[in-house]
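Structure first, then comments.
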Amino acid sequence: MSAGDTRPIGIFDSGMGGLTVMRAIGARLPKERIVYLGDTARLPYGTKSAETVTRYAVQAVRHLRRYDVKAIVVACNTASAVALPALEAALSPLPVIGVVGPGARAAVGATRTGRIAVIATEGTVRGGAYALAIHQLHPGAQVVQRACPLFVALAEEGWVDGPVAALTAERYLSDIFAGDAASRPDTLVLGCTHFPALAGVIAKAAGPGVALVDSAATAAEALAAVLEARGLAQHAGGGAPQFLATDAIERFARVGGLFLGQEVPAGSVELVDLNQ
Ligand code: DGL
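Under our numbering, think of the first position of the sequence shown as 89, with each following residue one higher.
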């Protein structure tokens with residue numbers, strides 16, 4: 089049997105958070121090789137304007153294309169929410185998979201009441217992309233959104249449990265989940281790469297009976313479907329992933345391990361300049 093298409097898959101994020109998506113892709117598609125680019129020099133994207141995020145993201149994926157990638161996953165929710173059409177146009181005919189559509193699918197699959205809460209960065213919430221994607225799949229859904237920017241800093245600091253993380257989650261979420269089971273959301277979308285790291289305190293603040301969903305597994309599923317449909321899957325081989333970052337490669341390795349769930353060896357991260 090042939091090895092299939094041995095070109096790598098490109099994954100792009102504003103930083104290390106997208107390694108949560110890479111972890112899901114590695115589990116779903118273990119025979120694929122991955123090149124991951126984190127734009128750590130310009131992180132965070134979540135507080136920036138849609139125009140700036142689009143400019144940065146287009147530059148980043150153009151750089152990734154130099155690695156002869158066969159598909160690109162935009163693991164960053166903010167870039168997926170505000171820049172996906174521009175990224176598709178910049179990369180055409182390369183398949184581009186964002187995480188907002190898969191996250192919305194996961195939410196619609198999980199909800200029983202149609203009441204869905206979405207937490208994300210300011211940029212993702214401002215554009216309303218999750219609400220739009222959820223309504224396309226479930227027109228009657230009631231969607232409430234909340235920007236939770238401090239979760240990004242907490243996750244990067246490794247403060248994913250303990251009193252500071254618990255109080256922050258309580259402050260952001262208590263009013264959304266204050267009602268009784270007949271009125272409050274039954275599903276909470278973790279619409280940011282960093283939030284799965286804080287799932288424990290988030291689940292506690294949301295209270296019992298709330299399903300937490302994120303886009304990592306559904307994005308990996310969407311990628312697998314696209315590769316299969318276009319005859320791009322790799323059937324044998326695999327190989328070590330390649331990590332690229334635009335700044336602070338030691339920090340990328342140190343913090344990245346938290347998101348990837350396994351060590352990112354310090355020497356394995358290459359510094360790249362997107363302006364070249
Ligand atoms: N990757 C971003 C996201 O998923 C979070 C970090 C940032 O703001 O750049 O929205």
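Ideal Cβ placement from N, Cα and C applies to all residues, glycine included.
So, helix, strand or coil for residue i, using DSSP?
i: GLY126; result: strand
i: ARG111; result: helix
i: ILE264; result: coil
i: GLN330; result: strand
i: GLN322; result: strand
i: GLU358; result: strand
i: VAL187; result: coil
i: ALA178; result: helix
i: VAL162; result: strand
i: GLY345; result: helix
i: GLY106; result: coil
i: GLY197; result: helix
Compute every distance between the C-beta of residue i and the non-hydrogen atoms of the ligand DGL, then say whether any falls below 6 Å.
i: PRO183; result: no
i: TYR124; result: no
i: LEU172; result: no
i: THR209; result: yes
i: TYR133; result: yes
i: THR140; result: no
i: CYS280; result: yes
i: CYS236; result: no
i: ASP101; result: yes
i: VAL240; result: yes
i: GLY105; result: yes
If you draw a straight line from the C-alpha of residue i to the C-alpha of residue j, how long is it?
i: GLN322; j: GLN147; result: 27 Å
i: GLY279; j: ILE337; result: 25 Å
i: VAL162; j: LEU300; result: 21 Å
i: VAL187; j: PRO251; result: 30 Å
i: THR256; j: ARG150; result: 37 Å
i: TRP247; j: ALA129; result: 22 Å
i: ILE185; j: VAL343; result: 25 Å
i: LEU107; j: TYR124; result: 8 Å
i: ALA198; j: LEU242; result: 27 Å
i: THR94; j: VAL289; result: 40 Å
i: ALA192; j: ALA208; result: 13 Å
i: GLU245; j: HIS282; result: 11 Å
i: GLY325; j: ASP263; result: 50 Å
i: ALA112; j: ALA304; result: 6 Å
i: THR306; j: GLY189; result: 9 Å
Open item on the list: Could you check whether the segment 160-170 touches the segment 212-224, counting it as contact only if at least three pairs of C-beta atoms, one from each stretch, sit closer than 8 Å?
Closed with: Contact check between the segment 160-170 and the segment 212-224: three or more CB pairs, one atom from each, fall below 8 Å, which counts as touching.
- [ ] At 4 residues or longer, and completely inside the segment 199-236: list those alpha helix (DSSP H) runs for me, N to C.
- [x] Annotation note: the segment 199-236 contains the following uninterrupted alpha helix (DSSP H) runs of length 4 or greater, listed N- to C-terminal: 210-215, 217-225.
Task: Residue ranges of each beta strand (DSSP E) within the segment 256-319, 3 or longer - done: Fully enclosed beta strand (DSSP E) runs of 3 or longer: 275-279, 299-301.
- [ ] Evaluate the contact criterion for the segment 133-144 versus the segment 337-347: three or more CB pairs, one atom per stretch, below 8 Å.
- [x] Not touching, per the Cβ criterion.
- [ ] Check whether the segment 258-272 touches the segment 316-332, counting contact only when three or more Cβ pairs, one atom from each stretch, lie closer than 8 Å.
- [x] At 8 Å Cβ cutoff, the stretches do not touch.
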